[in-house]
Every structure is written in structure tokens, then in C-alpha cells.
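Here's the structure we're looking at; comments come further down.
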Amino acid sequence: MGKVKALVVDDSKIMRSAVKRALDQLMLADFEYVEAMDGQDALNKFNDEIQIMFVDWNMPNMTGVEFSRTVRDQGGNDHIPIIMVTAEKSMGKVDKALNEGGANEYITKPFTADKMHKTISRYFDDEGNIVGEECEEEEEKSFFQSILKS
Amino acid sequence: MIPKSLIDVHEIPAEITGLVKESVINTFASIIGSEPDYVEQSEQASSLNGIIGNIAVFNQHHTLSLMIVIPRETALKLSEIFIGVEIPFESDDMGDLVGEISNILAGDVAANVETVGFRGQSSLPTATRGSDLTLFLPNKPPTEKMKFTGFSGDFWVNMALSESR
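Going line by line, the protein sequences match chains A and B. If you read the first sequence in the working numbering, its first letter stands for residue 14, the second for the next number, and so on. If you read the second sequence in the working numbering, its first letter stands for residue -3, the second for the next number, and so on.
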């Protein structure tokens, strides 16, 4: 199964554990976790090894939407899925997270493993890799190959 | 629907209390798997050995403060259901859990009361644990106390509506 490095951001240790437990239950990939307790902590821990992110909204220091927007504004990471995992439910909030924040998906608390699966399974292939990374790698390879041939 | 000044408002509008009640039932149903029952005209216990989650839904005009009052035994059962294992009542994790339950409730309340024109955001939750606790609600802002009983035990949700400052 493919190894996937996931950033889990929530000021609640219990919720971070709940997210990890649900992901481990799903067995979509062999997850390695990096945990952060607020948006600022997540920003400090975010790097190009992170392949998927699960982000709460209401946190001290920096909210999940602010973190998501800041990461997207850095550029070069649109291929990394950001999943908002939050108690916020109103349509305006969903819209804000997806459009302003640049998140890809939205899942409300409390969630079941089944709900998590329905939300994120499309980001994984059968080998447990994040979908989209392989496509990018193939495109890069063929690009360099075409340079070498010319 | 809520006038900006609450000077002449002595009760929280029934529409708001009804929606909060609905949110409490939905939230705890989604956590424990069955709907708790609202208990009509109940009195709060005079002293509490338990844990209280505090959170608010607020906008620039009004603040709806929520206090989730959970006796010790109910809190222990909730932890077993939510996490899969009973966590020590005296632990930091228990405070974290009650804070998170408060957070989930406030999210549902905020979405619900928005449908009647109260558009607000949730505050960050806090939790207080203790024994022989007595709860005081302010006299001036309109307040409401609600008792629920369910699979996990009894709990209360108190609320107060005030003008934001």
C-alpha cells in the first residue's frame, strides 16, 4: 500500500485522534501523520512532503480557512487535497471554505468512517497513492524525455 | 427578528429556543446514536459534580451563550461512545472532549438560527470541571434552561441572550 503523509490540524487532541482513527480504519493508504494544533502551527509544519491535509476551522492563532488560504497563496500546491473537518455547517461557511479558503472538500463533525470514505476516497488510487501526483510525475517524465530526445 | 436593544425583551424568542433544542437533539443523536429526550419543566440540580462546556454564537448585535452542563456519569459514558474508551474524568482529555461537543453543538445552532435571521459565528469553547458546582445565570439578559435525558444520561443546556459589546 502506498505511503501517504497527512497533516492533521485541530486544536482538539481528541479530534486529531478521531481523524487518524477514521483514516486508519479506511485503509486507503499507509498514512504517516504530522499533527498541528492551530493554523500557525500547521504553517510551520507544512512542507513539500505533505500529500493531504485535514483541517479544522475554529482554532486559536490562525483559523483553518486562513491557513488554507495562506498555503494556497504560496503556490505550487494545488495538487494537495485540503479537507476541512469542522463543526461549521451553514452554507455560507461551506462556500467560504471551498472558495475563499481553497479547500477541496468539507466534512462536518461528528463524522463516521463511512462519511470520511465517501468524501476522500476519490483522492486515492487502488495502490494507496494520492491521485494526481502520478499524473504529474508522468507529465514531468515525458517532458524531460522530450527535452533529452531533442 | 430580535430587536437590537434587549431592554424590553424578557424571554429568549421561542423560535430561537426551539431551534437550539432541535440542535441539541440532533447533535447528541449524531454523537450517541439515539435522540435524547427533552424533559419539560425540570429544575436544575442544586449542585453539580460534573463538567460544563461554554460556547457562544454571536454577531455584532447579539450573543447567544450556551452552557452544556454534564454530570460526571454522563460525561464518562459520552467519552466511551465518542472515543471508544472511557477516559478519566479528571483528565485534560475530558475537558477537550466536552469542549469539542460544545463546538459541534454551536456549529449546529449557528446553522439553525441563521434560518431565522440570527447570522453569527461560534466562539472558541471552554470547559470547567468541578464538584459541588452551583450555576448562576445572569438575571438581566433573557435566559432559558433545558434538561435532556438519553442513553448517555442526563444533561442540561442553559442559554442566555445578550447584546454584544
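Even for Gly, the Cβ is constructed at its ideal location relative to N, Cα and C. Quick caveat: nothing in here was measured; it's all calculated off a predicted structure.
- B:PHE78: member of the alpha helix (DSSP H) spanning 68 to 79, first to last residue.
- For the set B:ILE51, B:PHE114, B:GLN56, B:THR70, the Cα lying nearest the Cα of B:ILE27 is the one of B:THR70.
- For B:THR111, there is no enclosing alpha helix (DSSP H), since its DSSP letter is neither H nor E.
- Each of A:MET40, A:ASP61, A:VAL21, A:GLU48 was checked against the Cα of A:PHE67, and the nearest Cα belongs to A:VAL21.
- Rounded to the nearest angstrom, the Cβ distance from B:ASN154 to B:LEU120 is 19 Å, too far for a contact under 8 Å.
- Taking a cut-off of 8 Å on C-beta distances, the region 72 to 85 of chain A touches the region 113 to 132 of chain A, as three or more cross pairs fall below it.
- Counting only unbroken stretches of 4 or more residues, the alpha helix (DSSP H) elements lying wholly within the region 59 to 104 of chain A are 77 to 87, in sequence order.
- For A:LEU20, the pairing in a beta bridge is given by DSSP as A:VAL47, A:MET66.
- The beta-carbon distance between B:ASP33 and B:PHE144, rounded to whole angstroms, is 7 Å. This is short enough to meet the 8 Å contact definition.
- Using a Cβ distance threshold of 8 Å, B:GLY49 and B:ILE64 count as a contacting pair.
- Residue pairing for B:TYR34: DSSP places it in a beta bridge opposite B:PHE144.
- Assigned with DSSP and collapsed to three states, B:GLU7 falls in coil, not helix or strand.
- Between B:PRO138 and B:ALA156, the alpha-carbon positions lie close to 6 Å from each other.
- For A:ASP127, the enclosing alpha helix (DSSP H) has its first and last residue at 126 to 133.
- Within chain A, the residues whose beta carbon sits less than 8 Å from that of B:ASP104 are ALA100, LYS102, listed in sequence order.
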